[in-house]
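In our numbering, the protein residues as written are 15 to 178. Idealized CB from N, CA, C, for every residue including glycine. Structure first, commentary second.
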């Protein structure tokens, strides 16, 4: 009977109908769009997410007026999420990205982090990938109670994200 209550990861392919990315989600994702302020830049951000046992698997995306503002959004998203759970970043790697496309390569930036914090007295873990490509920016995260964020599932989700 206890086994019937435990979560299962029902991985499925997802191709965004509104943004250029694909990924695998551990359950059927839901999508919503809202306006956000990213360090002074207002943008509509579309979040696609699925929750399993208190762990949120989510991809947010939006478009900035130009590539420089999209790159700045990467840092702003990271700071806001870390602050949201009162976290301490335990690992961070930043890099510039370049992808071929059209007449010229698309420039961008990316940051990968792991962070730990507390929310309502509960230990939380955040694993995030923040990326810009041209005017488009992405936030790929797994966040939840520290004990309900299995590393194998985090790895599966993060590896599956592909900006198109």
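Asked	Found
For residue 171, three-class secondary structure by DSSP	helix
C-alpha gap between residue 177 and residue 138, whole angstroms	27 angstroms
7 angstroms Cβ shell around residue 103 - same chain, five flanking residues per side excluded	96, 127, 129
Cβ pair count under 8 angstroms reaching 3, the region 43–56 against the region 157–166	no
Contact set for residue 64: own chain, Cβ-Cβ below 6 angstroms, skip 5 residues either direction	39, 40, 41, 43, 71
Terminal residues of the beta strand (DSSP E) in which residue 64 lies	55–66
Local Cβ density within 10 Å of residue 26, reported as buried at 16 or more and exposed below that	exposed
CB contact flag (residue 151, residue 68, <8 angstroms)	no
Buried or exposed by the 16-neighbour rule on C-beta atoms within 10 Å, applied to residue 62	buried
Beta-carbon proximity list for residue 24, same chain, < 6 angstroms, skipping 5 on both sides	41
Euclidean distance between Cα positions of residue 93 and residue 22	31 angstroms
Euclidean distance between Cα positions of residue 80 and residue 35	19 angstroms
Cβ-based neighbour list, residue 29, same chain, cut-off 7 angstroms, excluding 5 preceding and 5 following	36
Beta-bridge pairing of residue 140 - partner residues as DSSP gives them	129, 157
Neighbourhood of residue 85 by C-beta distance below 6 angstroms, restricted to the same chain and skipping five residues each side	123, 146
Which residues DSSP lists as bridging residue 73, in chain order	62, 154
Contact under 8 angstroms by Cβ, residue 175 with residue 73	yes
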